[in-house]
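Heads up, the thing below is written out as structure tokens.
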Amino acid sequence: MSPGTGAALRLLAATVDAKAVAEIGTGTGVSGIHLLHGMRPDGVLTTVDQEPDRQQFARQAFRAAGFASNRARFIPGRALDVLPRLADAGYDLVFCDGDRLECLDYLAESLRLLRPGGLVVFEGVFADGRTVESGPQPAEVGRLRELLRAVRESQDLVPSLLPVGDGLLCGVKR
Numbered sequence: 007m008s009p010g011t012g013a014a015l016r017l018l019a020a021t022v023d024a025k026a027v028a029e030i031g032t033g034t035g036v037s038g039i040h041l042l043h044g045m046r047p048d049g050v051l052t053t054v055d056q057e058p059d060r061q062q063f064a065r066q067a068f069r070a071a072g073f074a075s076n077r078a079r080f081i082p083g084r085a086l087d088v089l090p091r092l093a094d095a096g097y098d099l100v101f102c103d104g105d106r107l108e109c110l111d112y113l114a115e116s117l118r119l120l121r122p123g124g125l126v127v128f129e130g131v132f133a134d135g136r137t138v139e140s141g142p143q144p145a146e147v148g149r150l151r152e153l154l155r156a157v158r159e160s161q162d163l164v165p166s167l168l169p170v171g172d173g174l175l176c177g178v179k180r
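Residue numbers in the sequence shown follow this note's numbering, run continuously in steps of one, and reach 180 at the last position.
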């Protein structure tokens, strides 16, 4: 994750005064640290990843960054199995950095999870410039193009594409 992307995540979390954030794709915890820095001091990050080793690494990273253990909830599992169990309209921000082939499903779940005024954010939507290139592309690029179109045309979202890092696609839920 680029420093600019991290700064944007921190800003977005602060902008919505995030108390509850859901993250799809824990990774090594870098995005989670940026989100936690932007969240309210009493906020909780719920992070989902199917790799428990990554979550253990992120847990250590959060601790090293000075966050108390009660600031993050780690849920191991495939995002599309876990997300349906999370509370409707219970989140201020949903950050999606998981399997790009599942991004449209993440969008549908995010709309259910977000409160009105909440924000959904997708990382990596430029796919290293491939989403704007012509010619044959991998399936994940086609799916990202569908996601961009779906967010742009959604009646439920106010969309914006931020040109930081590999692209942040954002939508505020109406």
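Quick reminder that beta carbons are idealized off the backbone N, C-alpha and C, glycines included. Just so we're clear, the structure is a prediction, and the values are computed from it rather than from any experiment.
When the options are compared against residue i, the one with the closest alpha-carbon
{"i": "ARG106", "options": "VAL178, GLU152, ARG118", "result": "GLU152"}
{"i": "PHE63", "options": "ASP48, VAL88, GLY35, GLN56", "result": "GLY35"}
{"i": "PRO165", "options": "LEU42, LEU125, ARG149, TYR97", "result": "LEU125"}
{"i": "TYR97", "options": "MET7, PRO9, VAL22", "result": "VAL22"}
{"i": "ALA95", "options": "ARG180, MET7, PRO9", "result": "ARG180"}
{"i": "ILE30", "options": "ARG65, GLU129, THR11", "result": "GLU129"}
{"i": "PHE132", "options": "ASP111, GLY123, ASP103", "result": "ASP103"}
{"i": "GLU108", "options": "LEU92, ALA93, GLY148", "result": "GLY148"}
{"i": "GLY123", "options": "ALA70, LEU168, ALA19, SER75", "result": "ALA19"}
Assigned exposure category for residue i - 16 Cβ within 10 Å defines buried
{"i": "LEU120", "result": "buried"}
{"i": "GLN61", "result": "buried"}
{"i": "GLU159", "result": "exposed"}
{"i": "SER37", "result": "buried"}
{"i": "ALA135", "result": "Inspection of the sequence shows that residue 135 is occupied by Gly rather than by Ala. Exposed, because fewer than 16 other Cβ atoms sit within 10 Å of the Cβ of GLY135."}
{"i": "ASP59", "result": "exposed"}
{"i": "GLY33", "result": "buried"}
{"i": "ALA24", "result": "buried"}
Reduced DSSP category for residue i - H, G, I as helix; E, B as strand; rest coil
{"i": "ALA95", "result": "coil"}
{"i": "ALA78", "result": "strand"}
{"i": "ARG151", "result": "helix"}
{"i": "SER8", "result": "coil"}
{"i": "ALA85", "result": "helix"}
{"i": "THR21", "result": "helix"}
{"i": "PRO122", "result": "strand"}
{"i": "GLU108", "result": "helix"}
{"i": "ALA145", "result": "helix"}
Whether residue i touches residue j by CB criterion (8 Å)
{"i": "PHE101", "j": "VAL54", "result": "no"}
{"i": "LEU89", "j": "GLU57", "result": "no"}
{"i": "VAL170", "j": "ALA14", "result": "yes"}
{"i": "ILE39", "j": "PHE80", "result": "no"}
{"i": "ASP162", "j": "LEU117", "result": "yes"}
{"i": "ARG65", "j": "LEU42", "result": "no"}
{"i": "ARG84", "j": "GLY44", "result": "no"}
{"i": "ALA145", "j": "LEU110", "result": "no"}
{"i": "LEU174", "j": "LEU154", "result": "no"}
### Query
With a cut-off of 8 Å, do at least 3 Cβ pairs link the region 40 to 53 to the region 139 to 159?
Fewer than three pairs of CB atoms, one per stretch, sit closer than 8 Å, so the region 40 to 53 makes no contact with the region 139 to 159.
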